[in-house]
Amino acid sequence: MLRAGMIRPLGAGLYSFLPLGYRLLKKIMEIIRDEMDSIGGQEFHLPALNPIELWEETGRVRAFGDTMFHVKNRPFVLAPTHEEVICSIAKNHIRSYRDLPQIWYQIQEKFRNEPRPRSGVIRSRQFFMKDSYSLDTTAEALNNSYELHASAYRNIFTRVGLKFFIVGAASGAMGGSASQEFMIESASGEDTCVLCDNCNYAANLDVAQSNVSPAQRNGESEALKEIHTPNVRTIDELKTFLKVEESVLAKSLVYMKDKTPVLVLMLGNDQLNETKLASVLGDNVRPLQAEELKALTGADGGSIGPVGLSIKILADKRLEGANNLISGANKNDYHYANIDLGRDVKVDGYHDLRVVHAGEPCPVCRTALRIVNAIELGHIFKLGTKYSDALKAHYLDEEGKE
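Numbering-wise, my numbering comes out as the position in the sequence shown, counting from 1, plus 19.
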C-alpha cells in the first residue's frame, strides 16, 4: 500500500489514507453497507469519545487495561468498540418487545493503544472498523441474528475476493457464550489456527481440540509409594531418571483464581492452554509465584503433586480414569509413584485444557491437523445479556413485564 501510494505513515501505528487508498477504502465500505442493509441493518455514527463511567459500569475499563486510550484531563476514553454506547441508546429508545428485533451497525474509526504497532494498517492504533449489534428478545432470535451476520460476512469476504475460513474462537474481553472468527491464511498473520484439510474442521488455537489418545489404565493399581528423585525438576528429567514413558507422568501447575488456589494436572509434557483454563474458571486467573507455591505446598516447582493437597484440583481430560501415575510429592526431591486419580486424589473436574499440536488427529475425522498463521478478518459473538444487564437496558414483554 505504501509503494502503491495508498497510505503514508504519520507515526507508530498511524496512517494517512491518500486519495487512491481512500477510494479503495470507500468501495469496501459500500460492499459492507450493502450486505449489512440486506439483513435489515440500520447504520449509526457513534462518538469515539466516551464518558469513562459508562465503561466502568460494565467493568471493561479493567478488561481492556492499557489498550484503552484515556483522556488525561477529562473523565473520557477513546472507544475501542461500542457495546456500552449501543446499550445506552437502546435503554432510552427501546421500550417494548414490539420494537424488536433490531440490527444497528456503524463504520467508524476506532482507537486501541497497541504497545507494538506492526504489520502496517493491520495492527495500528487508529483504524476503521465495522461493528454491528443485534437487539433480540429470545435466545432463538439471538441465534437467528447471529446467523444473519455470519451470512453477511461470508458474502462480504467473497465479494472482495478473499479465500477465508471460519473458526471457533474465545470471546476474550468481549465476553459472551460463543464466538466465531473469519480468518485468512497468511505467513505474516499473528493468529494461530488449527485446520483439517479433509473435513474443513477449523478452530483458533486457543479453543482447538484434537482426538489425541488419552492415558490408559495400566493394569491393577499398585500401592502408592514415595520415591527419591534428587535434583529432578522437569518432565524430561523425570522420564530420564526413572527410565519410564512420558505417558505415566503427570505435571502439576498451580494457579490462583481470585484468592482461591487451583491445582491443574496435565499429562506429561502437554502444555496448558490458559485460555481454556480461563473458560472453566473465569477471569482473574494467574499462576502462583515461586514463594506462594512454596508456602502453599511446602515444595518448589517440579516437586508439586495432587496427593494430599486440600485445594481445588482440575485435570485434563486425557487423565480421566488414569492410574499408576508419577507426580510430585509436595516435598523437594521426591515424587509419588502409582497414583490412581480415582483412589488417591479428589479431582473436581476433568476438562479439555491442553494446547493442540500439528499432526494430532482431527476431532471430527481423525485426519492429521495442520497449524497455520492467519489474519482475523471479522469476529461475531453471542453476547447474551452481558451488557444489557450491566447497563439495565430492559424492555416490556407481551405481558407488560420488564
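Quick reminder that beta carbons are idealized off the backbone N, C-alpha and C, glycines included. All values reported here derive from a predicted model rather than from experimental measurement.
Bridge partners of Ala227, per DSSP?
-> Paired residue(s): none; Ala227 is not in a bridge.
Could you tell me which residues DSSP pairs with Thr279 in its beta bridges? Lys276
- Message: Please state the DSSP three-state secondary structure of Met422.
- Response: Look at the range of the chain in this structure, 20 to 421, and you will see that residue 422 is not part of it.
Three-state class that DSSP yields for Asn392 in the structure shown:
strand
| task | Let me know the secondary structure DSSP gives Thr259 once reduced to three states. | result | helix
Those residues which DSSP pairs with Glu62 across a bridge: Tyr124
Going straight from the alpha carbon of His354 to that of Gly324, what length do you get?
8 Å
Which residues in the same chain have their Cβ closer than 6 Å to the Cβ of Asn250, if we skip the five residues on either side of it in sequence? none
| query | Span of the alpha helix (DSSP H) holding Lys295? | reply | 293-300
With a threshold of 7 Å on Cβ separation, who are the neighbours of Ala283 within its own chain once the five nearest residues in sequence on each side are excluded?
Before going further, note that residue 283 is Val rather than Ala in the sequence given. Result list for Val283: Leu272, Tyr274, Leu291, Leu296, Leu333, Leu372, in chain order.
| query | Do the segment 219-232 and the segment 375-383 meet, that is, are 3 or more Cβ pairs less than 8 Å apart? | reply | yes
Let me confirm a value: Lys405 is counted as buried when at least 16 other C-beta atoms fall within 10 Å, else exposed. Which label applies? buried
Rounded C-alpha distance that separates Gln121 from Lys401: 15 Å
Would you kindly check if the distance between the Cβ of Ala356 and the Cβ of Leu286 is under 9 Å? no
* Is the beta carbon of Phe176 less than 9 Å from the beta carbon of Phe147? -> no
Item checked: Ser322 classed as buried or exposed, judged by whether at least 16 other C-beta atoms fall within 10 angstroms -> buried
Please state the DSSP three-state secondary structure of Ala234.
coil
query = What number of angstroms, rounded off, separates the C-alpha of Glu49 from the C-alpha of His112?
reply = 28 Å
Nearest-angstrom Cβ-Cβ length linking Tyr172 and Gly397, presumed shorter than 8 Å:
5 Å
**Proximity of Gln145 and Leu33 at Cβ, strictly below 9 Å** = yes
Helix, strand or coil for Pro38, going by three-state DSSP, please let me know. helix
- Task: Sort Glu103, Val213, Asp277 by Cα distance to Ala393 and report the nearest one.
- Result: Val213
Which word fits Ser143, buried or exposed, when buried means at least 16 other C-beta atoms lie within 10 angstroms of its C-beta? buried
Arg252 versus Gly320: straight-line alpha-carbon distance, rounded
7 Å
- prompt: Is the number of C-beta pairs between the segment 61-80 and the segment 91-111 that are closer than 8 Å three or more?
  reply: yes
Is the segment 101-111 close to the segment 35-42, with three or more CB pairs under 8 Å?
no
Per DSSP, what kind of secondary structure is Tyr369 in: helix, strand or coil? strand
| query | Of all the alpha helix (DSSP H) runs that stay within the bounds of the segment 127-158, which reach a length of 4 or more residues? | reply | none
Please say whether Asn288 and Lys270 have beta carbons closer to each other than 9 Å? yes
According to the Cβ coordinates, are Asn174 and Glu54 closer than 9 Å?
-> yes
Exposed unless 16 or more other CB atoms sit within 10 angstroms - verdict on Ser115: exposed
Margin query: Applying the 10 Å Cβ sphere with the 16-neighbour rule, what's the burial state of Gln308?
Written below: exposed
Where do the ends of the beta strand (DSSP E) carrying Gly347 lie? 344-347
| said: Tell me the rounded alpha-carbon separation between Gly187 and Arg389. | reply: 15 Å
query = Nearest-angstrom Cα distance between Ala23 and Phe36?
reply = 12 Å
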